[in-house]
Amino acid sequence: MPKGRKRTAEDYEREIEETAKRMKANPEYLRSARNNSVWYDFLDGIGIDIHNASPSRVGFFEDVRVAIGDKDEKRKALYKEARKVGMPSKLARRIRDWSRDRAEREMERWQSQY
Amino acid sequence: MIIKLGKLQLRVYASILERRTGICSQKDTFEDKHMLLWDFDNSSIDDIKKSLERLVVKHKLPAIHIISSSPHSYHAYCFTSRPFRNIIHILSDTPELDNSYFKLGILRGYYTLRITPRKGESFKLVGIILSKRSNEMRFDDVTINEYLTSNKGKGGKRHAKR
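So this is what it looks like as structure tokens:
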């Protein structure tokens, strides 16, 4: 395509047709992704641990949610921490709705008192 | 380079090809079972998320992973195991999907997404559309292919200058 000319819808159509013709003449060879380091590295890079993940593993998506910083998961983690330091569940539930700083301050205060 | 020979004009183009690896929608174990792969160009992440949330409910899909592939460009992965016709039906129901990608996949019989990053870019998980349904296939039950391309993406020239 000449330099400076804007690509039109026709250009795109022609490119698709040409690519399709080329592919029909030289079919691409598909290989299994099993044990392929590029695919595994890609999954690892986006936070999916293929060795610990299977379709039936219910906790998997929760792990990913924690990894990407899901709000609900952070709240759950705060609740667990609060219960660990001995807070009653009623107060620990309230902590879930606070900010991280405020929840930590409250937990320290609780630990120093009891 | 342009060569003029009377009424004839000859144009010669040269480009550097790069070897890339792509993940294909087709399953390794079944030829007519595919996973869902989306390619979005020039769409906002909010619009994409809204569309995918609607699709998860409408088509009873498992969770969808959204990945930023380059600035203003996103890929999405859903580990389904469905016939190709069904895959086309779901993809055509996504308004933000890249048109060329959609057409090329139909002609080829499967969809491919690049999994090797371009120079100066990296893949980043930007969100997951959660679903109560579990994945319909294993993560490694897919196929890959290697191809040569001169496509450097929209940021290609910019990165090359750096």
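Chains A and B are the protein sequences, given in the same order.
Heads up, the first sequence is in this note's numbering, so the first residue is 1 and it goes up one at a time.
Heads up, the second sequence is in this note's numbering, so the first residue is 115 and it goes up one at a time.
Glycine included, each C-beta is placed from N, C-alpha and C at the ideal position.
Since isoleucine 278 of chain B contacts isoleucine 180 of chain B with CB under 8 Å, what's their CB separation in whole angstroms?
Residue numbering for chain B in the displayed model covers 115 to 276; residue 278 of chain B lies beyond these limits and cannot be assessed.
Within 8 Å (strictly less), CB to CB, does threonine 19 of chain A reach chain B?
As a working mapping, residue 19 of chain A is identified with position 19 in the first sequence. Yes, its Cβ sits closer than 8 Å to a Cβ of chain B.
So, are the CB atoms of arginine 196 of chain B and lysine 147 of chain B less than 8 Å apart?
The count along the second sequence starts at 1 and reaches residue 196 of chain B at position 82. The count along the second sequence starts at 1 and reaches residue 147 of chain B at position 33. Going by C-beta atoms, arginine 196 of chain B is nearer than 8 Å to lysine 147 of chain B.
Check phenylalanine 42 of chain A in the structure and name its three-state DSSP category.
As a first step, residue 42 of chain A is located in the first sequence; it is residue number 42 there, counting from the start. Here phenylalanine 42 of chain A sits in helix by DSSP.
With a CB to CB cut of under 6 Å and the five nearest residues on each side skipped, what residues in its chain are close to histidine 186 of chain B?
The residue given as residue 186 of chain B occupies position 72 in the second sequence. Around histidine 186 of chain B: Asn156.
Any beta carbon from chain A within less than 8 Å of isoleucine 178 of chain B's own beta carbon?
In the second sequence, residue 178 of chain B corresponds to position 64, counting from 1. Isoleucine 178 of chain B does not count as touching chain A.
Spatial neighbours of lysine 174 of chain B within its chain, please: CB distance less than 7 Å, with the 5 preceding and 5 following residues excluded, ordered by chain position.
Position 60 of the second sequence holds residue 174 of chain B. Closer than 7 Å at the Cβ level, and outside the excluded window around lysine 174 of chain B, lie Arg247.
As an exercise, report each continuous beta strand (DSSP E) stretch of at least 3 residues that is fully enclosed by the stretch 129-178 of chain B, in chain order.
Along the stretch 129-178 of chain B, the beta strand (DSSP E) occurs as fully enclosed runs of 3 or more residues at 132-141 and 148-155, listed in sequence order.
Leucine 192 of chain B touches chain A at which residues, Cβ-Cβ below 9 Å?
Here residue 192 of chain B is taken as the residue at index 78 of the second sequence, counted from 1. With the sequence shown as reference, residue 192 of chain B is identified as cysteine, and leucine is not the correct amino acid for it. Those do not exist, as cysteine 192 of chain B stays about 12 Å from chain A at its closest Cβ, beyond 9 Å.
Is arginine 7 of chain A close to chain B, meaning its C-beta is less than 8 Å from at least one C-beta of that chain?
In the first sequence, residue 7 of chain A corresponds to position 7, counting from 1. With 8 Å as the cut-off, arginine 7 of chain A does not count as an interface residue toward chain B.
Between the stretch 246-261 of chain B and chain A, which residues of the former have a C-beta closer than 9 Å to a C-beta of the latter?
For the stretch 246-261 of chain B, which is checked against every Cβ of chain A, the residues closer than 9 Å are Ser248, Asn249, Glu250, Met251, Arg252, Phe253, Asp254, Asp255, Val256, Thr257, Ile258, Asn259, Glu260 and Tyr261.
Is the stretch 242-262 of chain B touching the stretch 133-146 of chain B in the sense that three or more CB pairs, one from each, lie closer than 8 Å?
yes
What did DSSP end up calling glutamate 250 of chain B once you bin it into helix, strand or coil?
As a working note, residue 250 of chain B is residue 136 in the second sequence. Three-state DSSP puts glutamate 250 of chain B in coil, outside helix and strand.
Could you compute how far the alpha carbon of glutamate 277 of chain B sits from the alpha carbon of methionine 251 of chain B?
Nothing can be reported for residue 277 of chain B: it is not among the residues displayed for chain B, which extend from 115 to 276.
Whole angstroms are fine: how far does the CA of aspartate 207 of chain B sit from the CA of arginine 168 of chain B?
By 1-based counting over the second sequence, the position of residue 168 of chain B is 54. By 1-based counting over the second sequence, the position of residue 207 of chain B is 93. Here the alpha carbon of arginine 168 of chain B sits roughly 10 Å from the alpha carbon of aspartate 207 of chain B.
From arginine 93 of chain A to aspartate 11 of chain A, what distance separates their C-alpha atoms?
In the first sequence, counting from the first residue as 1, residue 93 of chain A sits at position 93. In the first sequence, counting from the first residue as 1, residue 11 of chain A sits at position 11. Roughly 60 Å separates the two Cα atoms.
Throw me the rounded Cβ distance for the leucine 211 of chain B and leucine 151 of chain B pair, which I believe falls under 8 Å.
Indexing the second sequence from 1 puts residue 211 of chain B at position 97. Indexing the second sequence from 1 puts residue 151 of chain B at position 37. In fact, because the Cβ distance is near 10 Å, the residues do not count as touching under 8 Å.
Looking at the strands, I want to know which residues DSSP matches up with arginine 196 of chain B.
Translated into the one-based positions of the second sequence, residue 196 of chain B becomes position 82. Beta-bridge pairing links arginine 196 of chain B to B:His148.
Leaving out five residues on either side along the sequence, give the residues of the same chain with a beta carbon under 6 Å from the beta carbon of alanine 20 of chain A.
Within the first sequence, residue 20 of chain A is the residue found at index 20, counting from 1. Cβ within range, chain order: n/a, list empty.
Flag lysine 163 of chain B as yes if its beta-carbon sits less than 8 Å from any beta-carbon of chain A, otherwise no.
To locate residue 163 of chain B, count along the second sequence from 1; it is residue 49. Closer than 8 Å: no.
Cutting at 7 Å between CB atoms, please list the residues of its own chain near tryptophan 39 of chain A, excluding the five before and the five after it.
As a position in the first sequence, residue 39 of chain A is number 39, starting the count at 1. Here the set comprises Ala33.
Should glutamate 35 of chain A go down as buried or exposed, given a rule of 16 or more other Cβ atoms within 10 Å for buried?
Translated into the one-based positions of the first sequence, residue 35 of chain A becomes position 35. Note on identity: in this sequence residue 35 of chain A is asparagine, with glutamate being the wrong assignment. With fewer than 16 other Cβ atoms within 10 Å, it is exposed.
In the stretch 118-143 of chain B, which residues sit with their C-beta less than 8 Å from some C-beta in chain A, listed in chain order?
The stretch 118-143 of chain B vs chain A, Cβ under 8 Å: Arg125, Thr135, Ile137, Cys138, Gln140 and Asp142.
Give the secondary structure of isoleucine 180 of chain B by DSSP, where H, G and I count as helix, E and B as strand, and everything else as coil.
The count along the second sequence starts at 1 and reaches residue 180 of chain B at position 66. Strand at isoleucine 180 of chain B.
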